[in-house]
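Accompanying notes for the structure given below.
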Amino acid sequence: MEKEIYTLKVYNTLTKQYEDVVVTKDVYDTYCRTEWNIKDNNASFYDHEIQMSGLIGGEDNGYENFHEFVQEETPESIVVRSEVIREIQNVIAELNEADRKLISALFEEGISEREYARRTGVPRTTINNRKLAIMRKLKKFEIFKK
């Protein structure tokens, strides 16, 4: 009895060539079921989204050449993010101490309104109302209108 061999054609970004790779039946079945292989691309699927296998063949046939998938921080993006953080810190610094503590607990520490209410002994609805009032105040600042 001859054992069946399951192979997939996979693009090797190092050698920049397609290679046949022997896989288990489970891997082969899963791969085929997901329809991410090249031979199963069809018009009805493309009506809804683009498969990764359809992207193979960019400049130099390299997946990494698709800038949508390469996340690089540029000096400009680092400076812009730093400026935004500084602006937000300045705006929050203008809040009174109780409001700063509430915003810090909810948004920096990730504490729920219910937990904050339990810790402070203030009703949760009051905490929620304070949070909403603070958010309305913050929305008046240019940084939060973007």
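Read in order, the letters of the sequence shown correspond to residues 214 to 359 in our numbering. Cβ atoms here follow ideal geometry from the backbone N, Cα and C, with glycine treated the same way.
- Remark: C-beta atoms of asparagine 341 and glutamate 326 approach each other more closely than 8 Å.
- Inclusion of leucine 319 and tyrosine 329 in the CB contact set at 8 Å is warranted, their separation being smaller than that value.
- The Cβ atoms of arginine 294 and isoleucine 305 do not sit closer than 8 Å to each other.
- DSSP places leucine 308 in the coil class of the three-state scheme, outside both helix and strand.
- In this chain, the alpha helix (DSSP H) harbouring glutamate 328 covers 326-333.
- Per the coordinates, the alpha-carbon of valine 236 lies some 12 Å from the alpha-carbon of cysteine 245.
- For isoleucine 301, the closest C-alpha among the options Val335, Lys350 and Gly334 is that of Lys350.
- Beta-bridge partners assigned by DSSP to leucine 221: Val234.
- The alpha-carbon separation between valine 234 and isoleucine 218 amounts to approximately 10 Å.
- Sixteen is the threshold: when 16 or more other Cβ atoms of the shown chains lie within 10 Å of the Cβ of leucine 315, as they do, the residue is buried.
- Secondary structure of leucine 227 (DSSP, three-state): coil.
- Non-local beta-carbon contacts of lysine 353 in its own chain, meaning distances under 6 Å to residues more than five positions away in sequence, are absent.
- The beta carbon of isoleucine 347 sits closer than 8 Å to those of Leu308, Asp312, Leu315 and Ile316, all from its chain and outside the five residues before and after it, given in chain order.
- Taking the CA atoms as reference points, aspartate 242 sits about 14 Å from lysine 222.
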